[in-house]
Ligand SMILES: NC(=O)c1ccc[n+]([C@@H]2O[C@H](COP(=O)([O-])OP(=O)(O)OC[C@H]3O[C@@H](n4cnc5c(N)ncnc54)[C@H](OP(=O)(O)O)[C@@H]3O)[C@@H](O)[C@H]2O)c1
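Residue numbers (the numbering used here): 287 to 603.
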């Protein structure tokens, strides 16, 4: 089904300062949307129901992109499962219910590939949802995301709303965190290789065997996919968003060394865990909807390294 979208209508991007939310704002502007409303978490804490409702009735956005969430790495998820479940349920419940009450005509919810069972066959198809046990280390976060996408479906069924959901693979790029504790794999490896280059270190220590495979997508491609679906799709299907290909950690770090311009020996510490051996999504459904990722991994890494050099490093210390 095709939705009819008006680029003059008011759009609320929840989480506009985050990596994904900021890419969605850039993509909206690129497509000519000019009426974008945002709030930081200190201006509007989306966990507070009455504040969220008040905001929606005051601003009356026509469209909503829900990219605000409590997001974190494995250790944070292990240490604070209650907060990951509670905060994300609150944020999404408040935004989705206030959207319905105030008459939002379309909403897109950002979920995640961690909704799929831990032992799901690879590549993971949308229909594998709820076929098995979740990865225990981020179960709280995944349960909230499953509830969010089900809420969108149930609201469409019961209230006739037009709320859609996307399941992105691992995302990297502009706005990524390069914090040594918080960062995800691409940002962490870019910093590691860059620092080895600066110090002249001949050996780069690596966790695990380097054989684990990951699907990685540049953040602007996720924003492009989100707008592609937002402008064209209405219905109760949700969509995997990825490149459909994966790389091993060894291939990834070799590519990063090429981008950074530094060659060192990789010392894999095989006593450290690899995590899931593979996490690859089946992207047939979004391809059938007319979308494929455009940024190659090499190009995305080059853009991200430039961002690290120009925007991240100068602002440290
Ligand atoms: N990054 C990935 O690899 C990835 C992969 C799959 C799915 N996703 C999904 O994409 C979405 C965004 O992820 P991201 O990587 O962009 O995360 P991020 O960079 O950590 O940004 C999250 C944003 O959420 C906002 N937020 C958090 N708690 C809030 C609260 N209580 N009230 C209001 N705003 C709050 C923050 O706002 P302030 O900056 O104003 O504090 C922040 O801008 C998430 O739903 C995530 O599940 C991300």
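Even glycine gets a Cβ: it sits at the ideal position worked out from N, Cα and C.
Counting C-beta neighbours from all protein chains within 10 Å, is the total for residue i 16 or more, i.e. buried, or is it exposed?
{"i": "residue 313", "result": "buried"}
{"i": "residue 424", "result": "buried"}
{"i": "residue 521", "result": "exposed"}
{"i": "residue 529", "result": "buried"}
{"i": "residue 445", "result": "exposed"}
{"i": "residue 603", "result": "exposed"}
{"i": "residue 590", "result": "buried"}
{"i": "residue 601", "result": "exposed"}
{"i": "residue 555", "result": "exposed"}
{"i": "residue 478", "result": "buried"}
{"i": "residue 290", "result": "exposed"}
{"i": "residue 392", "result": "buried"}
{"i": "residue 545", "result": "buried"}
{"i": "residue 332", "result": "buried"}
{"i": "residue 596", "result": "exposed"}
{"i": "residue 428", "result": "buried"}
Mind checking who residue i pairs with in its DSSP beta bridge?
{"i": "residue 298", "result": "323 and 350"}
{"i": "residue 526", "result": "453"}
{"i": "residue 488", "result": "In DSSP, residue 488 forms no bridge with anything."}
{"i": "residue 473", "result": "Beta-bridge pairing links residue 473 to no other residue."}
{"i": "residue 501", "result": "The partner list for residue 501 (beta bridge, DSSP) is empty, contrary to what the question assumes."}
{"i": "residue 534", "result": "499"}
{"i": "residue 493", "result": "555"}
{"i": "residue 341", "result": "According to DSSP, residue 341 bridges with nothing at all."}
{"i": "residue 378", "result": "DSSP, once it has assigned bridges, lists no residue as partnering residue 378."}
{"i": "residue 396", "result": "452"}
{"i": "residue 565", "result": "500"}
{"i": "residue 440", "result": "DSSP, once it has assigned bridges, lists no residue as partnering residue 440."}
How big is the Cα-Cα spacing for residue i and residue j?
{"i": "residue 367", "j": "residue 436", "result": "20 Å"}
{"i": "residue 415", "j": "residue 527", "result": "15 Å"}
{"i": "residue 536", "j": "residue 398", "result": "24 Å"}
{"i": "residue 599", "j": "residue 447", "result": "44 Å"}
{"i": "residue 564", "j": "residue 344", "result": "46 Å"}
{"i": "residue 388", "j": "residue 346", "result": "7 Å"}
{"i": "residue 335", "j": "residue 540", "result": "47 Å"}
{"i": "residue 434", "j": "residue 487", "result": "46 Å"}
{"i": "residue 538", "j": "residue 442", "result": "40 Å"}
{"i": "residue 299", "j": "residue 551", "result": "43 Å"}
{"i": "residue 317", "j": "residue 572", "result": "20 Å"}
{"i": "residue 432", "j": "residue 484", "result": "43 Å"}
{"i": "residue 311", "j": "residue 426", "result": "28 Å"}
{"i": "residue 288", "j": "residue 440", "result": "Unreliable placement is indicated for residue 288, whose pLDDT of 47 sits below 50; the coordinate value is still reported in the next sentence. One C-alpha to the other measures close to 20 Å."}
{"i": "residue 361", "j": "residue 467", "result": "9 Å"}
{"i": "residue 350", "j": "residue 553", "result": "46 Å"}
{"i": "residue 497", "j": "residue 306", "result": "28 Å"}
{"i": "residue 358", "j": "residue 463", "result": "10 Å"}
Confirm the yes/no value for this check: CB of residue i, any heavy atom of ligand 1, distance under 7 Å.
{"i": "residue 356", "result": "yes"}
{"i": "residue 327", "result": "yes"}
{"i": "residue 367", "result": "no"}
{"i": "residue 532", "result": "no"}
{"i": "residue 454", "result": "yes"}
{"i": "residue 469", "result": "no"}
{"i": "residue 303", "result": "yes"}
{"i": "residue 306", "result": "yes"}
{"i": "residue 429", "result": "no"}
{"i": "residue 396", "result": "yes"}
{"i": "residue 353", "result": "yes"}
{"i": "residue 506", "result": "no"}
{"i": "residue 330", "result": "yes"}
{"i": "residue 377", "result": "yes"}
{"i": "residue 333", "result": "yes"}
{"i": "residue 476", "result": "no"}
{"i": "residue 465", "result": "no"}
{"i": "residue 337", "result": "no"}
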